[in-house]
């Protein structure tokens, strides 16, 4: 498609993309800019730093808590994402494709969980986790993350699965493919965009959570990066930690970019094109 | 809350008749299907119920009590009086109005913008990977930090945005301008969520169908409203539903940007203040339950509007 597209069309898309990118990036660049400003110019209101410094970045890596928090964040978010997406895919497939009792109840309960204000669930969760020894452990965060990611995962995936032209699977079987082959070569590529979209959303949810992380952890064993940021203090007692917060936010965004870069390739457009002739 | 099956069934009749066997005794295949369905759903159901059942019931129980941590001795069962106190309070209705304004305006802007972004990300022929990745960055930035950077940007003498305004104006201290900034921060941050879900829906619209429509003389607008949007209905439902649920509980952005001052507090702010600042667990929990009820009504409304596109309704895709 790219090779045959006329040049002026390309330029048009290029301009539109540029607009989109600027819209998304200008506020981000402001955070990047803050992270490179020196302590005495940070409040000068200039979009581009007048004097540049790495000290904000150097400073946050001197905080022991931050490196362990990064490790915790990555581990907890990845594990939660994998489990939530696998469990969610199973449930969503059943909801979209199978007929069984309790389907509506499951859909209703998951929506209920998505709707209940999380601030009022935090203190009872804290009590339970203290009682059964999950407080301040990885599973103590992973379990709530999976739980609160599941409703979105189930909804996204089942909305997606029901639009997949499943008759293709039958066609492939008629053409002599084994059930596994039919599933792998027909259904998996069709389902992949939905699954990876969900994975991205779930990962971002876990990565950015503050509420659960701050209430259900207390030490470097399981404290995540968002909590570590909130505990930054300035270089001196009276300095605001704006620079280090900005630097930490920039660092925290890098894994998200890697994760999205890795997965967005799977959200390929037009997979179904030419597949079903109406 | 279970979905209103009557409404769903009524909405389904518009679709092609389903191929269910009716009231015949269950065949072996049907039984196997039921078993498989239950097994596939079991892990999700068990984990969700195990983690949330007690906290949700406990919160509802608290909302029925007079329970103020400052006066723990006065704890007693109070029936619905907490609800009465909240619903007759001007603070609640003020926060409710602000929340509705923020929700409606930001979700509407996000939907239009998100759809536009989804179309760009889906159709673009240059730099697709780059565009898709960059668009998602705002959603990936820690909410609190993003809000903080907006606050900084709009604070006179500190930020680049305030520097563009006339001398002496402090937009975060006026009610209308502060709400506009809260909406801006919300829209910027969560439009990618909308765009990503809509794009996944777009990926399912067959190109052939669009080409055929183009050949038949359908313009771009007609193709969008007659083919693309109807086919994306399930994706649109999920995107709008979950964004509205989230927007109605807007908290982080307001907390950082204005702390709810100058009449910018949302219902979640009110709940938070009562639970964690005033330590009035009874009133705070009642506010939480009321937020839940409001959100549930919104969800019901969406499901009524979208009818058969809701998950769990009779699938039209059982071909």
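Residue numbers (my numbering), protein chains in the order written: chain A, 28 to 305; chain B, -8 to 310.
Cβ atoms here follow ideal geometry from the backbone N, Cα and C, with glycine treated the same way.
Keep in mind it's a predicted model, so treat the numbers as computed, not measured.
**Prompt:** Helix, strand or coil for residue 67 (chain B) per DSSP?
**Reply:** In the structure shown, residue 67 (chain B) adopts extended strand secondary structure according to DSSP, grouped into three states.
**Residue from A:159, A:41 and A:133 with nearest C-alpha to residue 116 (chain B)** = For residue 116 (chain B), the nearest C-alpha among the options comes from A:41.
**Request:** Work out the CA separation of residue 128 (chain A) and residue 10 (chain B) for me, nearest whole Å.
**Result:** Because the pLDDT of residue 10 (chain B) is 47, which lies under 50, any placement of that residue in the model is unreliable, and the number read from its coordinates should be weighed accordingly. Approximately 17 Å between the Cα atoms of the pair.
**Asked** Can you find at least 3 beta carbon pairs, one from the segment 48 to 63 of chain A and one from the segment 271 to 284 of chain A, that sit closer than 8 Å?
**Response** Using a Cβ-Cβ distance cut-off of 8 Å, the segment 48 to 63 of chain A and the segment 271 to 284 of chain A are in contact, since at least three pairs of beta carbons, one from each stretch, lie closer than that value.
**Message:** So residue 126 (chain B) and residue 51 (chain A) are supposed to be a Cβ contact under 8 Å. How far apart are they, rounded?
**Reply:** That belief holds up - the Cβ atoms of residue 126 (chain B) and residue 51 (chain A) are roughly 5 Å apart, short of 8 Å.
**Message:** Could you give the first and the last residue of the continuous alpha helix (DSSP H) run that contains residue 26 (chain B)?
**Reply:** 19 to 54 is the extent of the alpha helix (DSSP H) around residue 26 (chain B).
**Prompt:** What distance in whole Å lies between the Cβ atoms of residue 273 (chain B) and residue 59 (chain B), which are believed to be in contact at a cut-off of 8 Å?
**Reply:** Separation of the CB atoms of residue 59 (chain B) and residue 273 (chain B) is rounded to 7 Å, and the pair is thereby assigned contact status at 8 Å.
**Asked** If we call anything under 8 Å between Cβ atoms a contact, is residue 92 (chain A) one with residue 255 (chain A)?
**Response** Yes, these two residues count as a Cβ contact at 8 Å.
**Prompt:** Taking just the CA atoms, how far does residue 22 (chain B) sit from residue 285 (chain A)?
**Reply:** Taking the straight line from one Cα to the other gives about 45 Å.
**Asked** What number of angstroms, rounded off, separates the C-alpha of residue 224 (chain B) from the C-alpha of residue 89 (chain A)?
**Response** Between the alpha carbons of residue 224 (chain B) and residue 89 (chain A) lies a distance of about 50 Å.
**Request:** Count the other C-beta atoms from every protein chain shown that fall within 10 angstroms of the C-beta of residue 36 (chain A), then say buried if there are 16 or more, exposed otherwise.
**Result:** When all chains shown are included, residue 36 (chain A) counts as exposed.
**Request:** Given a cut-off of 8 Å, decide if residue 173 (chain A) and residue 122 (chain A) are closer than it, judged by their beta-carbon atoms.
**Result:** No, the pair does not count as a contact, with Cβ atoms beyond the cut-off.
**Asked** In or out: residue 298 (chain B) buried (at least 16 other Cβ within 10 Å) or exposed?
**Response** Residue environment for residue 298 (chain B): buried (at least 16 other C-beta atoms within 10 angstroms of its C-beta).
**Prompt:** Name the chain B residues that come within less than 7 Å of residue 94 (chain A), Cβ to Cβ?
**Reply:** Under the 7 Å cutoff, chain B gives no residues; its nearest Cβ is about 17 Å from residue 94 (chain A).
**Prompt:** Would a C-beta distance cut-off of 8 Å place residue 245 (chain B) and residue 258 (chain B) closer than the cut-off?
**Reply:** In this structure, residue 245 (chain B) lies away from residue 258 (chain B), with their beta-carbon atoms at least 8 Å apart.
**Item:** Cα-Cα separation between residue 108 (chain B) and residue 186 (chain B), rounded to whole angstroms
**Value:** Approximately 6 Å between the Cα atoms of the pair.
**Message:** For residue 57 (chain B), list the residues DSSP reports as bridge partners.
**Reply:** Its beta-bridge partners are B:67.
**Request:** Give every residue of the same chain whose Cβ lies closer than 8 Å to the Cβ of residue 101 (chain A), excluding the five residues on either side of it in the sequence, and list them in chain order.
**Result:** These residues qualify, in order along the chain: 282.
**Message:** Can you list, in chain order, the residues of its chain with a C-beta nearer than 8 Å to that of residue 12 (chain B)? Leave out the 5 residues immediately preceding and following it.
**Reply:** For residue 12 (chain B), the predicted model reports a pLDDT of 44, less than 50, meaning its position is unreliable; a value from the coordinates is still stated below. In its chain, beyond the 5 residues on either side, 18 and 21 have a beta carbon closer than 8 Å to the beta carbon of residue 12 (chain B).
**Prompt:** In chain order, what residues of the same chain lie with their CB nearer than 7 Å to the CB of residue 229 (chain B), ignoring the 5 residues before and after it?
**Reply:** Around residue 229 (chain B), the same chain offers 188 as residues with beta carbons nearer than 7 Å, after the five sequence neighbours per side are excluded.
**Prompt:** Is any beta-carbon of chain B found at less than 8 Å from that of residue 35 (chain A)?
**Reply:** It does not: the Cβ of residue 35 (chain A) has no partner Cβ on chain B nearer than 8 Å.
**Prompt:** Just reading off the alpha helix (DSSP H) that residue 355 (chain A) is part of, what are its end residues?
**Reply:** Nothing in the structure corresponds to residue 355 (chain A), since chain A is present only between 28 and 305.
**Proximal residues to residue 129 (chain B) (C-beta, below 6 Å), its chain only, five neighbours per side dropped** = If we look at residue 129 (chain B) and ignore the five residues flanking it on each side, its Cβ neighbours are 179, 180 and 183.
**Request:** Check distances from the C-beta atoms of the segment 108 to 123 of chain A to those of chain B and list, in chain order, the residues that come in under 7 Å.
**Result:** Only 114, 115, 117, 118, 120, 121, 122 and 123 from the segment 108 to 123 of chain A bring a Cβ to less than 7 Å from some Cβ of chain B.
**Message:** Taking the straight line between their C-alpha atoms, what separation do you get for residue 135 (chain A) and residue 147 (chain B)?
**Reply:** The alpha-carbon atoms of residue 135 (chain A) and residue 147 (chain B) are separated by roughly 47 Å.
**Prompt:** Expressed to the nearest angstrom, what Euclidean distance is found between the alpha-carbon atoms of residue 117 (chain A) and residue 32 (chain B)?
**Reply:** In this structure, the straight-line span from the alpha carbon of residue 117 (chain A) to that of residue 32 (chain B) is close to 7 Å.
**Prompt:** Of all Cβ atoms in chain A, is any one closer than 8 Å to the Cβ of residue 13 (chain B)?
**Reply:** The predicted position of residue 13 (chain B) is uncertain, since its pLDDT is 47 and thus under 50; no value can be drawn from it.
**Prompt:** Where does residue 73 (chain B) fall in DSSP's three states?
**Reply:** Note: residue 73 (chain B) maps to helix in three-state DSSP.
**Item:** N-terminal and C-terminal residue of the alpha helix (DSSP H) that residue 74 (chain A) is part of
**Value:** Where residue 74 (chain A) is concerned, there is no enclosing alpha helix (DSSP H), given that its DSSP letter is neither H nor E.
**Asked** Of all the CB atoms in chain B, is at least one closer than 8 Å to the CB of residue 272 (chain A)?
**Response** With respect to chain B, the C-beta atom of residue 272 (chain A) has a partner C-beta closer than 8 Å.
**Request:** Just confirm the distance between the C-beta atoms of residue 255 (chain B) and residue 173 (chain B), as a whole number of angstroms; I'd bet it's less than 8 Å.
**Result:** Contact holds; Cβ gap of about 7 Å.
**Three-state secondary structure assigned by DSSP to residue 81 (chain A)** = It is coil, neither helix nor strand.
**Message:** Quick check on residue 138 (chain B): buried or exposed, where buried means 16 or more other Cβ atoms within 10 Å of its Cβ?
**Reply:** Its Cβ being crowded by 16 or more others within 10 Å, residue 138 (chain B) is buried.
**Prompt:** If you measure from the beta carbon of residue 105 (chain B) to each beta carbon in chain A, is any gap under 8 Å?
**Reply:** Cβ-Cβ to chain A under 8 Å: no for residue 105 (chain B).
**N- and C-terminal bounds of the alpha helix (DSSP H) containing residue 37 (chain A)** = Its alpha helix (DSSP H) spans residues 34 to 63.
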